[in-house]
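Encoded as structure tokens, the structure appears first; notes follow it.
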Amino acid sequence: MRITKKFIVAGAGVVTLVAGGGAALAATTAAAPAPKVTAEQAIEIAHKQVAGTWVSELDFDSQGTRADVWEIELTKGSQRHELKIDAATGKVTKNETEQADEDDDDNDD
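Residue numbers for the sequence shown, in mature numbering (1 follows the signal peptide of the UniProt record, and there is no 0): -26 to -1, 1 to 83.
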């Protein structure tokens, strides 16, 4: 009889921890609203800035108190274009071009 009570108490403790953890996770993930500018729209904006390119990287960077941005890397031949697009307005906040490193060893050669 004592063993049964220990299992019930332990089981209740586990259920409480799991439920509390799930509520905490839901609270943190629900706090981040979706960006007004979608990934597809950000890619269209980037292609208007640099025509004839293909998207080699796309990231959404949630800045918290600052503006959220889409970070897009475009490639055209041996050129790499890095753009940042404001996720609320669609405004291009950064547009840099550099020579692409063709052997991917992080050495510009």
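Just so it is clear, CB atoms sit at the ideal spot from N, CA and C, and this is done for glycine as well.
This structure is a prediction, so every number in the text was calculated from the model and none was measured.
Let me see if you follow: with CB-CB separation under 8 Å, is residue i close to chain D or not?
| i | result |
| --- | --- |
| Lys22 | Looking for chain D here will not work: only one protein chain is present. |
Report the rounded CA-to-CA distance for residue i versus residue j, giving the unit in angstroms.
| i | j | result |
| --- | --- | --- |
| Val11 | Glu72 | 26 Å |
| Thr49 | Asp42 | 23 Å |
| Glu18 | Gly26 | 12 Å |
| Pro7 | Trp28 | 28 Å |
| Arg40 | Thr67 | 13 Å |
| Thr63 | Trp44 | 11 Å |
| Pro9 | Ala20 | 16 Å |
| Ala61 | Gly38 | 12 Å |
| Gln53 | Asn69 | 13 Å |
| Lys65 | Phe34 | 15 Å |
| Gly51 | Leu32 | 18 Å |
Assuming residue i contacts residue j under a Cβ cut-off of 8 Å, what Cβ separation, rounded to an integer in Å, is found between them?
| i | j | result |
| --- | --- | --- |
| Glu47 | Ser30 | 5 Å |
When the distance is taken between beta carbons, is residue j closer than 8 Å to residue i?
| i | j | result |
| --- | --- | --- |
| Leu57 | Gln15 | no |
Considering residue i, what are the terminal residues of the beta strand (DSSP E) in which it resides?
| i | result |
| --- | --- |
| Gln53 | Gln53 to Asp60 |
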